[in-house]
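In my numbering, each residue carries its 1-based index in the sequence shown increased by 6. We treat Cβ as the ideally placed atom computed from N, Cα and C, and that holds for glycine. Notes to accompany the following structure.
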Amino acid sequence: SDLIRQVAQQRTVLMVEHNLAVVARLCDRITVLQRGEVLAEGSYAEVAGNPDVRRAYIGTDAGPMTPVASPSKGPAAAMKPLLEVEGLHAWYGESHVLHGVSLRVAQGEVVSILGRNGAGKSTTLKAIMGVHEKRSGSVRLGGVETVSLRANEIAALGAAWCPEERAIFASLNVAENMQ
Numbered sequence: 007s008d009l010i011r012q013v014a015q016q017r018t019v020l021m022v023e024h025n026l027a028v029v030a031r032l033c034d035r036i037t038v039l040q041r042g043e044v045l046a047e048g049s050y051a052e053v054a055g056n057p058d059v060r061r062a063y064i065g066t067d068a069g070p071m072t073p074v075a076s077p078s079k080g081p082a083a084a085m086k087p088l089l090e091v092e093g094l095h096a097w098y099g100e101s102h103v104l105h106g107v108s109l110r111v112a113q114g115e116v117v118s119i120l121g122r123n124g125a126g127k128s129t130t131l132k133a134i135m136g137v138h139e140k141r142s143g144s145v146r147l148g149g150v151e152t153v154s155l156r157a158n159e160i161a162a163l164g165a166a167w168c169p170e171e172r173a174i175f176a177s178l179n180v181a182e183n184m185q
């Protein structure tokens, strides 16, 4: 968590994490996806208290998720977004899998995308990074529209993607993989 917070001081961090205790402790905001659409967005407390999120994510609305202390928002929440995603759509062949996803992340902010398997979390990250090419909508990084750029051009603007497969660069330590 300390390393991610350190990285976020100079960048924006958008992550997929399934451990709710980690999400609650680390993230300023959470975006919950269901079937390729944003179901809810807010602090851990707001998302954990949302009955629609509980039904979609843990399969029941009987009682709130376990409360955990969330980080303070600090100045990042009020800052101009470094990453702005508006109306992002994506397709696999003819299958329309993202349906107008919108989110914003300021420099210094850590935001997590939550959702069950198949909700669109990885596709959202791939579409933002230009790895998933069949997409439409708007993705701005530092004010630069990137939806028509190739992945290497987006990376040249300072964006990075660390896939879930954590062993992709097994010879590097965590800090080296984050860089």
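**Study point:** Pairwise C-alpha distance: residue 137 and residue 129
**Key:** 9 Å
Review point. Quick one, are the C-beta atoms of residue 92 and residue 143 less than 8 Å apart?
Key: yes
Practice item. Tell me, please, whether the segment 29-49 touches the segment 104-119 by the rule of three or more beta-carbon pairs shorter than 8 Å. Key: yes
**Study point:** Residue nearest to residue 146 in terms of C-alpha spacing, selected from 139, 23 and 155
**Key:** 155
Point to revise | Status (buried if at least 16 other CB within 10 Å, exposed otherwise) for residue 16 | key: exposed
Exercise for review: Give every residue of the same chain whose Cβ lies closer than 6 Å to the Cβ of residue 125, excluding the five residues on either side of it in the sequence, and list them in chain order.
Suggested key: 39 and 40
Exercise for review: Figure out for me which residue from 11, 163, 159 and 30 has the closest Cα to the Cα of residue 52.
Suggested key: 30
Check your understanding: Alpha carbon to alpha carbon, how far is residue 111 from residue 19?
Key -> 8 Å
Check your understanding: Hey, residue 133 and residue 94 are a contact pair by Cβ (cut 8 Å); roughly how many whole angstroms apart?
Key -> 6 Å
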